[in-house]
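Have a look at the structure below before the remarks.
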Amino acid sequence: MSQVKVLRAAQYPRMPWKNGGGSTEEITRDAGAGLEGFGWRLSIADIGESGGFSTFAGYERIISVLQGDGMTLNVDGHSTRPLHPLDPFAFSGESHVHCTLLGGPIRDFNLIYAPQRYRARLQWMGGQQRFFSEAGTVLVFSAAPTLRVKMDEAVEALGLYDCLQLSGNTGLLDITTCGQCCVIELTAR
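Converting from the sequence shown to the numbering used here requires adding 841 to each position, the first position being numbered 1.
Put into structure tokens, the structure is as follows:
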């Protein structure tokens, strides 16, 4: 049986970036304290100006713009396509990354995970969607003012940037969402 927890955006703790260049709202993580020791972490960052990203050796990252015009990244000397809202981009946490904003400040959504400890899948969904998952941890992040999430007979209502966390899953989950959201599936190796 999965443990279900609703995480409210108004209660996310704010913590400084590893490189000191800004701050992040941490949504949730599996374990560890500070900026080390976790197997995975989900967060939101406000980027006010172009600049470098923190490195996370031994981790993989998936980033998506939530608000603003977007950005391009230079990852180890290679420029990315323009990244617009809800367009995920994956890169190594060890990479040297510089971001160039396309039209002003942005807010982004980040999954950082240790690939030797977890398999991860991230996808954005809109409208009414039904999906099935056997992942040990499933996160449903709301990118809509209101999002309804149905699991079996239970229904949860999420607000903008709230997150539903299902942990300790050992069976097949049947989940229906109604609204713009991101679904993250994490399975321990």
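The beta carbon of each residue, even a glycine, is placed where N, CA and C say it ideally should be.
First and last residue of the uninterrupted beta strand (DSSP E) at residue i
| i | result |
| --- | --- |
| Ala-886 | 881–888 |
| Phe-932 | 930–933 |
| Leu-1027 | 1022–1029 |
Where residue i sits in the DSSP three-state scheme
| i | result |
| --- | --- |
| Ala-851 | helix |
| Lys-991 | strand |
| Ser-974 | strand |
| Leu-1005 | strand |
| Ala-998 | strand |
| Tyr-954 | strand |
| Asn-915 | strand |
| His-939 | strand |
| Phe-982 | strand |
| Thr-865 | strand |
| Ala-961 | strand |
| Pro-857 | strand |
Closest Cα partner of residue i within the set the options
| i | options | result |
| --- | --- | --- |
| Gln-1006 | Lys-859, Leu-883, Leu-907, Leu-927 | Leu-883 |
| Pro-926 | Ser-843, Arg-948, Ser-974 | Arg-948 |
| Ala-984 | Asp-993, Leu-1027, Trp-965, Ser-974 | Trp-965 |
| Arg-922 | Leu-907, Leu-943, Gly-909 | Leu-943 |
| Leu-963 | Gln-969, Ile-953, Arg-971 | Ile-953 |
| His-937 | Ile-1025, Phe-897, Glu-890, Lys-846 | Phe-897 |
| Glu-975 | Phe-950, Ile-1016, Glu-935 | Ile-1016 |
| Gln-957 | Pro-854, Cys-1019, Ser-1008, Gly-899 | Gly-899 |
| Glu-901 | Ser-1008, Arg-1030, Phe-932, Phe-982 | Phe-932 |
| Ser-891 | Phe-950, Leu-1027, Asn-915 | Asn-915 |
| Ile-1025 | Gly-1012, Cys-1004, Leu-1013, Cys-1019 | Cys-1004 |
Straight-line Cα distance separating residue j from residue i
| i | j | result |
| --- | --- | --- |
| Thr-858 | Leu-988 | Sequence check: residue 858 is Trp here, not Thr. About 29 Å. |
| Thr-869 | Gly-911 | 24 Å |
| Val-990 | Cys-1023 | 12 Å |
| Thr-978 | Ala-872 | 13 Å |
| Glu-866 | Asp-993 | 30 Å |
| Phe-972 | Phe-930 | 22 Å |
| Asp-887 | Ile-903 | 16 Å |
| Gly-863 | Gly-945 | 15 Å |
| Met-856 | His-919 | 29 Å |
| His-939 | Ser-895 | 9 Å |
| Gly-1020 | Thr-1028 | 25 Å |
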